[in-house]
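Visitor: Following full-length UniProt numbering, the residues of the sequence shown are numbered contiguously, the last one being 149. Think of the CB as a built atom: it goes at the ideal place given N, C-alpha and C, for glycine as much as any other residue. Source: prediction; values computed, not measured. Sharing a structure below in structure tokens format, with a few things to ask.
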Amino acid sequence: MADISKTSESKNPAKVPTDGSFHSGVWDYEAKRPVVDGKFEDPLTGELRDAKSEQYSGPPSVDIVIMNLYASEASGPDVYRSARPFPVERILHHAMTVVKEEGLEIHCLNASLYSVTLVLACEIEERKDGRSGFSYVADRISNGLWAEE
Numbered sequence: 001m002a003d004i005s006k007t008s009e010s011k012n013p014a015k016v017p018t019d020g021s022f023h024s025g026v027w028d029y030e031a032k033r034p035v036v037d038g039k040f041e042d043p044l045t046g047e048l049r050d051a052k053s054e055q056y057s058g059p060p061s062v063d064i065v066i067m068n069l070y071a072s073e074a075s076g077p078d079v080y081r082s083a084r085p086f087p088v089e090r091i092l093h094h095a096m097t098v099v100k101e102e103g104l105e106i107h108c109l110n111a112s113l114y115s116v117t118l119v120l121a122c123e124i125e126e127r128k129d130g131r132s133g134f135s136y137v138a139d140r141i142s143n144g145l146w147a148e149e
């Protein structure tokens, strides 16, 4: 995989962030269409409309869903969802690094260009600081790439 952060400045006038992230646009929640300059193309009529509903990160951002089948009754369902502007390959590599370091067991893993779904099947102990073990692990997987250099 090419390291896009090492691209020369002359070939990269946009100055790609050194953490490998990229700009991902927002999508209109109701229309499920990308928003550009505050407008989206209506999927039924083809007209440009003002984006007024809530918006979310969509492709090219990668949707990340992390679950644990062994959720404790105290913590409730262990499900975490986020979208991150990193290539799916980097997200997968980072997630598997965390799985190995934390000694987690994977029930299943599914990935496509814009989505990663990781289902764990293991007990995750509560942290000494009182934080849920699942919350800590999901946060590391989802947000750890921001800290990598």
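(1) To which residues does DSSP link D28 through a beta bridge?
(2) Can you round the beta-carbon distance between Y29 and E54 to whole angstroms, since I take them to be within the 8 Å contact cut?
(3) Classify L120: buried if its beta carbon has 16 or more other beta carbons within 10 angstroms, exposed otherwise.
(4) Tell me the residue span of the alpha helix (DSSP H) that contains S142.
(5) When DSSP labels each residue in this structure, what does T117 get in the three-state scheme?
(6) Mind checking whether P77 and A71 have CB atoms under 8 Å apart?
(7) Tell me the DSSP secondary structure of A71 in three-state form.
(8) Would the C-beta of R140 count as close to the ligand GDP, meaning under 7 Å from any of its heavy atoms?
(9) Which residues in the same chain as V36 place their Cβ atom closer than 8 Å to its Cβ, once the five residues preceding and following it in sequence are excluded?
(10) Buried or exposed for L145, going by 16 or more other Cβ atoms inside 10 Å?
(11) By the DSSP assignment, the alpha helix (DSSP H) with L92 in it spans what residues?
(12) Please classify V137 as buried or exposed, where buried requires at least 16 neighbouring CB atoms within 10 angstroms.
(13) Are there three or more Cβ pairs, one per stretch, closer than 8 Å when the region 126–136 is compared with the region 83–100?
(14) Please classify G103 as buried or exposed, where buried requires at least 16 other C-beta atoms within 10 Å of its C-beta.
(15) In terms of residue numbering, what span does the beta strand (DSSP E) encompassing C108 cover?
Guide: Short version:
(1) Here residue 28 refers to the residue found at position 28 when the sequence shown is read from its first residue. Bridge partners of D28: R33, Q55.
(2) Looking up residue 29 in the sequence shown gives position 29. Looking up residue 54 in the sequence shown gives position 54. That pair is a contact at about 4 Å.
(3) To locate residue 120, count along the sequence shown from 1; it is residue 120. Buried.
(4) On the sequence shown, position 142 is the one that residue 142 refers to. That run of the alpha helix (DSSP H) goes 133–147.
(5) The count along the sequence shown starts at 1 and reaches residue 117 at position 117. Reduced to three states, the DSSP call for T117 is strand.
(6) Counted from its first residue, the sequence shown places residue 77 at position 77. Counted from its first residue, the sequence shown places residue 71 at position 71. In contact: P77 and A71 (Cβ atoms closer than 8 Å).
(7) For this step, residue 71 is matched to residue 71 along the sequence shown. In the structure shown, A71 sits in coil (DSSP, three-state: anything other than H, G, I, E or B).
(8) This structure simply doesn't include the ligand GDP, nor any ligand for that matter.
(9) One-based indexing of the sequence shown puts residue 36 at position 36. Only residues of its own chain outside the window of five on either side were considered, and among them G25 have a CB closer than 8 Å to the CB of V36, listed in chain order.
(10) Here residue 145 refers to the residue found at position 145 of the sequence shown. Answer is buried; the Cβ neighbour count reaches 16.
(11) Residue numbering aside, residue 92 sits at position 92 when the sequence shown is read from its first letter. It spans 88–102 - the alpha helix (DSSP H) in which L92 sits, taken as one unbroken run.
(12) Taking the first residue of the sequence shown as 1, we reach residue 137 at position 137. Buried, by the Cβ-count rule.
(13) no
(14) As a working mapping, residue 103 is identified with position 103 in the sequence shown. By the 10 Å Cβ count, G103 comes out exposed.
(15) Here residue 108 refers to the residue found at position 108 when the sequence shown is read from its first residue. Note, C108: beta strand (DSSP E), 106–112.
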